[in-house]
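Reviewing the structure listed below.
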Amino acid sequence: MSNILEVQSLSKYYGDKAALNDVSLDVPKGQVFGLLGPNGAGKTTLIRIINQIIDADSGTILVNGEKLKPSHIKLIGYLPEERGLYKKMKVGEQLLYFAQLKGLSYADAKKKVRSWMDKMEIWEWREKRIEDLSKGMAQKIQFIATVIHQPNLLILDEPFSGFDPVNAELIKNEILELKDKGVSVILSTHRMESVELLCDHIAMINKSRKVLDGSIADIRQQSKTNQYHLKLRGHLADHPSNWQRVEGNFGYEKFLIQLNGHSTNQVLEEAIQFGDILGFEEVIPSIGEIFIQRVKDTDHE
Amino acid sequence: MNKIFLVIKREYLARVKKKSFLLATLLTPLVFPTILGLFLWIAMSERESESLRIIEVIDESNQFRLESSGQYAFSFSDRDREEAKEMVKSGERYGALYIPPIDLEKPLGIVYYSEKNPSMTLIGNLETTLKRKIEEIRLYNSGIDPEVIAGLRTNVNIRAITLDNAGEEKMTNAMVNYGLGFITGILIYMFIFIYGNQIMQGVIEEKSSRIIEILVSSLRPFQLMTGKIIGIGAVGLTQFLIWIILISAISSLVMGYFGMQMPQQQALELANPEAGKMIEGSTGDMGQYMQVIQDINFVKLVLTFIFYFIGGYLLYGAFFAAIGAAVDTPSDAQQFMFPVTIPLLVAYFGLFIFVLDDPNSNISFWLSIIPFTSPIAMMGRASYGVPFFDLALSMGFLIIGFLFTTWLAGKIYRIGILVHGTKVNYRTLWRWVKTA
Numbered sequence: 179m180s181n182i183l184e185v186q187s188l189s190k191y192y193g194d195k196a197a198l199n200d201v202s203l204d205v206p207k208g209q210v211f212g213l214l215g216p217n218g219a220g221k222t223t224l225i226r227i228i229n230q231i232i233d234a235d236s237g238t239i240l241v242n243g244e245k246l247k248p249s250h251i252k253l254i255g256y257l258p259e260e261r262g263l264y265k266k267m268k269v270g271e272q273l274l275y276f277a278q279l280k281g282l283s284y285a286d287a288k289k290k291v292r293s294w295m296d297k298m299e300i301w302e303w304r305e306k307r308i309e310d311l312s313k314g315m316a317q318k319i320q321f322i323a324t325v326i327h328q329p330n331l332l333i334l335d336e337p338f339s340g341f342d343p344v345n346a347e348l349i350k351n352e353i354l355e356l357k358d359k360g361v362s363v364i365l366s367t368h369r370m371e372s373v374e375l376l377c378d379h380i381a382m383i384n385k386s387r388k389v390l391d392g393s394i395a396d397i398r399q400q401s402k403t404n405q406y407h408l409k410l411r412g413h414l415a416d417h418p419s420n421w422q423r424v425e426g427n428f429g430y431e432k433f434l435i436q437l438n439g440h441s442t443n444q445v446l447e448e449a450i451q452f453g454d455i456l457g458f459e460e461v462i463p464s465i466g467e468i469f470i471q472r473v474k475d476t477d478h479e
Numbered sequence: 509m510n511k512i513f514l515v516i517k518r519e520y521l522a523r524v525k526k527k528s529f530l531l532a533t534l535l536t537p538l539v540f541p542t543i544l545g546l547f548l549w550i551a552m553s554e555r556e557s558e559s560l561r562i563i564e565v566i567d568e569s570n571q572f573r574l575e576s577s578g579q580y581a582f583s584f585s586d587r588d589r590e591e592a593k594e595m596v597k598s599g600e601r602y603g604a605l606y607i608p609p610i611d612l613e614k615p616l617g618i619v620y621y622s623e624k625n626p627s628m629t630l631i632g633n634l635e636t637t638l639k640r641k642i643e644e645i646r647l648y649n650s651g652i653d654p655e656v657i658a659g660l661r662t663n664v665n666i667r668a669i670t671l672d673n674a675g676e677e678k679m680t681n682a683m684v685n686y687g688l689g690f691i692t693g694i695l696i697y698m699f700i701f702i703y704g705n706q707i708m709q710g711v712i713e714e715k716s717s718r719i720i721e722i723l724v725s726s727l728r729p730f731q732l733m734t735g736k737i738i739g740i741g742a743v744g745l746t747q748f749l750i751w752i753i754l755i756s757a758i759s760s761l762v763m764g765y766f767g768m769q770m771p772q773q774q775a776l777e778l779a780n781p782e783a784g785k786m787i788e789g790s791t792g793d794m795g796q797y798m799q800v801i802q803d804i805n806f807v808k809l810v811l812t813f814i815f816y817f818i819g820g821y822l823l824y825g826a827f828f829a830a831i832g833a834a835v836d837t838p839s840d841a842q843q844f845m846f847p848v849t850i851p852l853l854v855a856y857f858g859l860f861i862f863v864l865d866d867p868n869s870n871i872s873f874w875l876s877i878i879p880f881t882s883p884i885a886m887m888g889r890a891s892y893g894v895p896f897f898d899l900a901l902s903m904g905f906l907i908i909g910f911l912f913t914t915w916l917a918g919k920i921y922r923i924g925i926l927v928h929g930t931k932v933n934y935r936t937l938w939r940w941v942k943t944a
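Taken in order, these protein sequences are the chains called A and B.
Just so it is clear: in the first sequence, position 10 is 188 by this note's numbering, and no numbers are missing.
Just so it is clear: in the second sequence, position 164 is 672 by this note's numbering, and no numbers are missing.
If you want it as structure tokens, here you go:
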């Protein structure tokens, strides 16, 4: 079994409004899976169903090939977008409590608390209350609370929102480290740069439907529109009309060229007549651009 | 099950370990007796220091020789009504009693003048005094010797004895039963409100600090809700137990102290046989109260109390949890408090107006059967002794009642805790109940 999680034709309605409409996706083991989509698209609903916080109206979810059941809670670590801690509770007790709630025995939970707090170098904070900690400290505690029971599947909803850059970097490294240990991660986020940096695979949801699904490389390849960037220096008074000027202030001009059935060599032969070619490169859209384009396309449908 | 226990443990320890809990637990049993003692002391010292209140009597027919009592002295100086009123206004007299020449068969037209509103007790005292005087005069007029009349006066004290099925006779005393029903009923009422509010605050805290989503990804909302209700209830029971222990310790200390003083009675008796007799009379009353208290089946009463204490708390606790889940801040909770407050107030007033007055009336029966009022109302009946069938019926309904409210509240709770920033009204709540 190579998928840790399989979602099959999942639907959820709030009254007449669909939050999820026949969504299916597979999360491969040991990969970082990006779940993208604008606000209100249905990401949180999907995540809540996987976490057994709410029930789906129809469809099935398989974890390691088994139908979702209460004992799976122990396999999943969840960092919600809306998160918090008991302000009046001591750090150590709080982590112990969350670990035990996830199903760890008292002795195991104690060991884990110790090792994580040592790792994050915050063991001396164990007797402090959350309200006495800085926000960055509390964020670290929050992350430990998510991973303390050694989940096989980590679900992070906007993990970087509210984190300062230092902690965001720390969390990012932790995520990659966990991935190396074989943990599968579902990352729901708006931050496209972290998607491209971290994710192996993405799925996009818009207006309760899945609109895109695949590995990052595949998606970018598929989203190519046969467009090339041409950089050249020369006499450009009457360049072909299908060349679209992009920029041109640094001693050269940059054009966007649509192939329109021609081969790249044919385009280059034509270009040579206009000057010295400095660069010729295929345009591969970024995930961010694909995201925006997809949202626009599906909004019009 | 294990997870519910974890929640119970957390809720319990988080509260019991607070300093405020320790303070409230230790001070409350001291505060109430202290306040009571203070009031008594103030009242006593006021009575002692108070100058005698003089009431001017204008007796047109000259036949009422009223005897002054400890607090009031009557002055007879043949002034007329206007003069007496002036004396009251100038502060020379506390009040003026005007008795016109009256028909003894139909004494009308008696007026009391005073600067301030007279107290009920004062008017009542004057009425009793005058009534007795008129009776005396009328008896005298019909030819009976006043000495005979004085000899005929007697104090009556009825001893009430109930016969139970076992054929045993038990002495009852309405005062003692009233007091017990009153105290236990009020305790349950207060317990429900104080700890119900803590449930609500706790739910709101988890919701507003956004910890809730982490929690419900680890356990079912229903487990979280029941764990919280039971944990906070356990805090209440702990506090209550400590109070019982403290109060009984303090009262046995106090009793011991007064017990030491008892020999004084004998000394008093030697010096003044009259005073000795008076004390004997009063200890006779005390003895009767003691007898009544001893006759009450305390084990049964305490068990009944604990059952309704817990049952009532669980019934309303679920509602408090649901309210907390439906709102974002405590101030939003006001609008939903109505359905909780009203039945509790009905039970509270029902206890005073109907149940304690007549524990076996129809309305008392229903108040003690309906689960929303029974925890408070039944205590009023239980102190007098209640038929087994009524008790069993009421307890059965209370169990069904709290299972029902917990089920209903659970539906509201599991949706409410995840809803933020939406204005929730009763219609929304109903929709949640239907969809969940």
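Beta carbons: idealized from backbone N, C-alpha and C, even for Gly.
Since this is a predicted model, take the numbers as computed values, not measurements.
Skipping 5 residues on each side, what residues in its chain have a beta carbon closer than 8 Å to that of residue i?
{"i": "A/S372", "result": "F338, K350 and L365"}
{"i": "A/I353", "result": "V210, L332, L334, P337, V363, L365 and L376"}
{"i": "A/W301", "result": "R292 and M295"}
Give the DSSP-derived three-state secondary structure of residue i in the structure shown.
{"i": "A/L365", "result": "strand"}
{"i": "B/T930", "result": "coil"}
{"i": "B/I925", "result": "coil"}
{"i": "B/F572", "result": "coil"}
{"i": "A/M370", "result": "helix"}
{"i": "B/L864", "result": "coil"}
{"i": "A/Q399", "result": "helix"}
{"i": "B/L612", "result": "coil"}
{"i": "B/D567", "result": "strand"}
{"i": "B/G784", "result": "Because B/G784 sits at a pLDDT of 42, beneath the cut-off of 50, its placement in the model cannot be relied upon, and the point is left open."}
{"i": "B/G502", "result": "Absent from the model: residue 502 of chain B. The displayed extent of chain B is 509 to 944, so no value can be given."}
{"i": "A/Y406", "result": "strand"}
{"i": "B/E591", "result": "helix"}
{"i": "A/N443", "result": "helix"}
Mind checking whether the beta-carbon of residue i lies closer than 6 Å to any heavy atom of the ligand NAD?
{"i": "B/I877", "result": "Absence of the ligand NAD from the depicted structure is noted, as is the absence of any ligand whatsoever, leaving it without description."}
Which residues in chain B have a C-beta closer than 8 Å to the C-beta of residue i? List them in chain order.
{"i": "A/K318", "result": "The contacting residues do not exist; A/K318 stays about 15 Å from chain B at best."}
{"i": "A/M315", "result": "What A/M315 touches in chain B: nothing, since even the nearest Cβ is about 16 Å away."}
{"i": "A/P258", "result": "R718, E721, I722 and S725"}
{"i": "A/Q430", "result": "Reading off the sequence shown, one finds Tyr at residue 430 of chain A, where the question assumed Gln. Those do not exist, as A/Y430 stays about 53 Å from chain B at its closest Cβ, beyond 8 Å."}
{"i": "A/K474", "result": "Correct list: empty, because the minimum Cβ distance to chain B is about 28 Å."}
{"i": "A/A323", "result": "I722"}
{"i": "A/Y275", "result": "L514 and R518"}
Within the same chain, show all residues whose beta-carbon is closer than 6 Å to that of residue i, passing over the 5 residues directly before and after it, in chain order.
{"i": "A/R398", "result": "I462"}
{"i": "A/L257", "result": "T324, L334 and P337"}
{"i": "B/I479", "result": "Only positions 509 to 944 of chain B appear in this structure, which leaves residue 479 of chain B out of reach."}
{"i": "B/S882", "result": "S876, S902 and L906"}
{"i": "B/E591", "result": "none"}
Excluding the 5 residues flanking residue i on each side, which residues of the same chain have their C-beta closer than 7 Å to its C-beta?
{"i": "A/N443", "result": "none"}
{"i": "B/I737", "result": "I707, L822, G825, A826 and A829"}
{"i": "A/R261", "result": "Q320"}
{"i": "A/G360", "result": "G208"}
{"i": "B/P654", "result": "E644 and Y648"}
{"i": "A/F276", "result": "A323 and I326"}
Strictly below 7 Å CB to CB, what residues from chain A border residue i?
{"i": "B/I719", "result": "G262, L263 and Y264"}
Quick one: which chain B residues come within Cβ less than 7 Å of residue i?
{"i": "A/N229", "result": "S725"}
{"i": "A/K280", "result": "S726"}
Run down chain B in chain order and give the residues with a C-beta less than 9 Å from the C-beta of residue i.
{"i": "A/I251", "result": "S725, S726 and L727"}
{"i": "A/M267", "result": "R518 and A522"}
Just to confirm the assignment: which complete beta strand (DSSP E) runs, minimum length 3, are found wholly within the stretch 191 to 256 of chain A?
Runs of the beta strand (DSSP E) inside the stretch 191 to 256 of chain A: 195 to 206, 210 to 214 and 236 to 241.
Could you tell me which uninterrupted beta strand (DSSP E) segments, each at least 3 residues in length, are contained entirely in the stretch 267 to 340 of chain A, listed from first to last along the chain?
331 to 335
Note down, in chain order, all residues in the stretch 608 to 627 of chain B with a beta-carbon under 7 Å from any beta-carbon belonging to chain A.
none
Segments assigned alpha helix (DSSP H), at least 4 residues, entirely inside the stretch 670 to 744 of chain B
List check, alpha helix (DSSP H) in window: 682 to 716 and 720 to 724.
Could you list the residues in the stretch 510 to 521 of chain B with a C-beta less than 7 Å from some C-beta on chain A, going in chain order?
K511, L514 and R518
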